[in-house]
Amino acid sequence: MAFKISNLILQTGCQKNGNTDYDFYAKVEKIYENSAFVTITHYDLRDDINVAELQYRAVIALKKMKPAKPTAGEAKQLQAVSAAMLAE
1194 MAFKISNLIL
1204 QTGCQKNGNT
1214 DYDFYAKVEK
1224 IYENSAFVTI
1234 THYDLRDDIN
1244 VAELQYRAVI
1254 ALKKMKPAKP
1264 TAGEAKQLQA
1274 VSAAMLAE
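Number 1236 in this note's numbering belongs to position 43 of the sequence shown; there are no gaps in the numbering.
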């Protein structure tokens, strides 16, 4: 699967040794050979501390990502990241 900068993706298959415990949505900022630098846009509230520690950014393996957008129901349940959160 080819990703482009600004694609909205879903990070899937979180591993126990990963930085988050639940799936999240993110925007691709930069693509590397086997991974991508992403800015988290929506995440599970149970991961609030982990996502804040990452400063709402992460490097994710391309094989762990798939293109996606949060559904209306998911968007209500997930925490959206605001510009003020990114500025902290």
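Cβ coordinates follow ideal geometry from the N, Cα and C atoms, glycine included. Every value quoted in this text rests on a predicted model; they were computed, and no experiment measured them.
Residue i classed as buried or exposed, judged by whether at least 16 other C-beta atoms fall within 10 angstroms
i, result
"Y1218", "buried"
"T1205", "Bear in mind that the predicted position of T1205 carries a pLDDT of just 48, short of 50, making it too unreliable to give a figure here."
"T1264", "exposed"
Distance CB(residue i)-CB(residue j) smaller than 8 Å
i, j, result
"N1212", "L1247", "yes"
"S1228", "V1252", "yes"
N-terminal and C-terminal residue of the alpha helix (DSSP H) that residue i is part of
i, result
"K1269", "A1265 to Q1270"
"E1246", "D1241 to E1246"
Nearest-angstrom Cα separation, counted from residue j out to residue i
i, j, result
"K1259", "S1275", "23 Å"
"Y1215", "D1241", "10 Å"
Cβ-Cβ separation, residue j to residue i (assumed contact under 8 Å), whole Å
i, j, result
"T1234", "E1222", "So it is not a contact: roughly 11 Å between Cβ atoms."
"Q1272", "Y1236", "6 Å"
Range of the contiguous beta strand (DSSP E) that encloses residue i
i, result
"I1222", "Correcting the residue type first, residue 1222 is Glu in the shown sequence and not Ile. Note, E1222: beta strand (DSSP E), F1217 to I1224."
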